[in-house]
């Protein structure tokens, strides 16, 4: 009896979480011109609009540029920070970790407004570089946290071993530490990309019309044009998120296999 | 400026202090000779692993100098020291095969591919692991991992090999087998080895010299035989194998021999003084090993008593007997067996003897062994 009850509750909660997403799918295939359910008929017109309008294509391109750059910067910085923190023991280590995670807990609107003001002073506002910088600041803590977590199980003797065998510190890190903490690094990188890819608040403050990212363009589409193309864009973003999820899961499993030993021998 | 020395390694006045702790290593002066097998033996926390890690470059001394081949080593980073290190948990790279693990130090030295393959094969054969070169470390047993770790520490022909309790995780039989293997490799290669362990049997089996550590200081250093049969302190005596301990006051001193009385009424016991001058009336601890005590009055044994067997424990090739001597105390004796131990039974009255030279007397209150 309880088993059935638990199962039903679980499905209800799952439906509650996923239902809003499901609404967007039929809407994106609507043949009508306004956002209403039920849809009058089915058509690919909004996808055609998405893929044929320069506005949307530019926004997609910008999102990939900013997302990729953010991912690279945040991953490099976050991994180095996590490794350094893990390696050393100093007074105030906890303070440093908390300070590093601040961008995650400070309300985005506060971060966005202060960055806008600060970046205006140095001429970085209204530029893709400014947005990349801002996203890197927000995304790096995710990398620090995931890499710190994977370093928890890393045996420090492996690094000592590599050094004793004649590997200079950077080589030892690249050949021994990095492969072992790869699941954490990859998860952090994907988090960083996703953070940047769907970030709107900072984008509103910092991007100018020529340099809209996808979420920014969707926001504009909703407010200014009320164009159903945003539903097509939304579906595309959802699919992309799934791809990222699968990639991170695949990397995690590969990492586990790596530690557990290859099974083909 | 290099200090002239023929030794391979010289620890010169090394202190190691971690923040907020007592000295882990206290004023260490130690030399390791060319080709020597030196064991650092001591209970955990005695500073022996810290010394190895300082030589490896994984820790740096708080004060003092380490010289290698007469040249200072303090500022040389680990990766330029060229020492083969075997870690307690082996530290094999889990994402590389056995052969890749061995090739790693050779790749770091930019050696050609074919030469790497030759050297890896040769070294794996040396530790009898050639057949498993394509396995991952996690697919190997503890003993096999140990062999691979040893091979990886030897494959690049290091200037010295450092081993930190390398056999600690193996079962007894495998451990004894590996002791002989390591000894064989040492003789075959003639390379200096520094070995850290808390297992006195290991130290006795393998070493040219043993340095016994306690509380960051060398308590005694010497050949296994010397350290075992002539311990310099009650700590060394009780750490190096089993010992019977008698406490009493000195009755008389006579050149190389003292007599002590455990109780006022009891018979005098003869012992050989160790270390500081002992004078009549002083409190002493006298120690004698179980295997030095004989049932029967043996020739050359100055201590002869009549006693009683209270317990017999059968150990296959020998028996352990609990013996009580009135006025002296309870002693454990180890007797070799020829016919199943039928000759000993609890309650039996027996003659007991041991030689003066096998009983060592130390001044003062004994230190408890912390093993």
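Protein chains in written order, with this note's numbering: chain A, 18 to 282; chain B, 39 to 409.
Beta carbons: idealized from backbone N, C-alpha and C, even for Gly.
### Query
Given a threshold of 16 other Cβ atoms within 10 Å of its Cβ, counted over all protein chains shown, does residue 384 of chain B qualify as buried or as exposed?
exposed
### Task
Measure the C-alpha to C-alpha separation of residue 12 of chain A and residue 69 of chain A and round it to an integer number of angstroms.
Residue 12 of chain A is absent from the model: chain A starts at 18 and stops at 282.
#### Entry: Reduced DSSP secondary structure (H/G/I, E/B, other) of residue 236 of chain B
coil
### Message
Classify residue 99 of chain A: buried if its beta carbon has 16 or more other beta carbons within 10 angstroms, exposed otherwise.
### Response
buried
### Message
Quick check: what's the CA-CA separation for residue 58 of chain A versus residue 48 of chain A?
### Response
5 Å
### Message
Counting C-beta neighbours from all protein chains within 10 Å, is the total for residue 282 of chain A 16 or more, i.e. buried, or is it exposed?
### Response
In this predicted model, residue 282 of chain A has a pLDDT of only 38, less than 50, meaning its place in the structure is not dependable; the value taken from the coordinates is given anyway. The residue in question, residue 282 of chain A, is exposed, as its Cβ has fewer than 16 Cβ neighbours within 10 Å.
### Task
Spell out whether any CB of chain E is found under 8 Å from the CB atom of residue 248 of chain B.
Looking for chain E here will not work: the only protein chains present are A and B.
### Query
Any contact of the stretch 261 to 275 of chain B with the stretch 238 to 245 of chain B, i.e. 3+ C-beta pairs under 8 Å?
yes
### Task
Could you name the residues of the stretch 191 to 218 of chain A whose beta carbon sits closer than 7 Å to any beta carbon of chain B, in the order they occur along the chain?
193, 196 and 197
### Message
Could you pull the DSSP bridge partners for residue 344 of chain B from this structure?
### Response
B/389
#### Entry: Rounded straight-line distance, which links the Cα of residue 147 of chain B to that of residue 120 of chain B
10 Å
#### Entry: C-beta contact flag for residue 252 of chain B and residue 73 of chain B at 8 Å
no
### Task
Taking 8 Å as the cut-off, decide whether the C-beta atoms of residue 37 of chain A and residue 54 of chain A are in contact.
no
### Ordered list of beta strand (DSSP E) runs contained in the stretch 91 to 167 of chain B, each at least 3 residues
101 to 106 and 121 to 124
### Task
Kindly indicate which three-state DSSP category residue 231 of chain B falls into: helix, strand or coil?
strand
### Query
Taking the alpha-carbon positions, what's the residue 375 of chain B to residue 332 of chain B distance?
12 Å
### Task
Answer yes or no: does any C-beta atom of chain A fall closer than 8 Å to that of residue 147 of chain B?
yes
### Task
Consider the Cβ of residue 94 of chain B: report whether some Cβ of chain A lies at a distance smaller than 8 Å.
yes
### Task
Identify, in the order they occur along the chain, each residue of the same chain with its Cβ nearer than 7 Å to the Cβ of residue 263 of chain A, setting aside the five sequence neighbours on each side.
none
### Query
Could you check where the alpha helix (DSSP H) with residue 147 of chain A kicks off and where it finishes?
145 to 168
### Task
Report the residues of the stretch 116 to 127 of chain B with a CB closer than 9 Å to any CB of chain A, ordered along the chain.
116, 117, 118, 119, 120, 121, 122, 123, 125, 126 and 127
### Message
Is the separation between the beta-carbon of residue 233 of chain A and that of residue 221 of chain A shorter than 8 Å?
### Response
yes
### Task
Determine, using beta carbons only, whether residue 271 of chain A comes closer than 8 Å to chain B.
no
### Message
Below 8 Å, how does it come out for the stretch 360 to 374 of chain B and the stretch 297 to 305 of chain B: are there three or more Cβ pairs, yes or no?
### Response
yes
### Contact the stretch 90 to 110 of chain B vs the stretch 167 to 174 of chain B: 3+ CB pairs below 8 Å
no
### Query
For residue 99 of chain B, which residues in chain A fall below 7 Å Cβ to Cβ?
Correct list: empty, because the minimum Cβ distance to chain A is about 17 Å.
### Task
Look at residue 230 of chain A and residue 76 of chain A and say whether their C-beta atoms are less than 8 Å apart.
yes
### Query
Taking DSSP as the reference, what is the three-state secondary structure of residue 285 of chain B?
strand
### Task
Indicate whether the contact test is met: 3 or more Cβ pairs, each with one atom in the stretch 203 to 223 of chain A and one in the stretch 158 to 172 of chain A, closer than 8 Å.
yes
### Query
Between residue 269 of chain A and the rest of its own chain, which residues show a CB-CB distance below 8 Å, the 5 nearest in sequence each way excluded?
200, 203 and 204
### Query
Quick one: which chain A residues come within Cβ less than 9 Å of residue 204 of chain B?
Per Cβ cutoff of 9 Å: no residues; residue 204 of chain B is ~12 Å from chain A at best.
### Task
Report buried or exposed for residue 82 of chain B, applying the criterion of at least 16 other Cβ atoms within 10 angstroms of its Cβ.
exposed
### Task
Alpha carbon to alpha carbon, how far is residue 156 of chain B from residue 150 of chain B? Give it in angstroms, no decimals.
10 Å
### Message
Looking at chain B, is there any beta carbon in it that lies within less than 8 Å of the beta carbon of residue 183 of chain A?
### Response
yes
### Query
Do the stretch 276 to 289 of chain B and the stretch 318 to 332 of chain B make contact, defined as three or more Cβ pairs closer than 8 Å?
yes
### Task
Please report the residue range of the beta strand (DSSP E) in which residue 77 of chain B lies.
75 to 79
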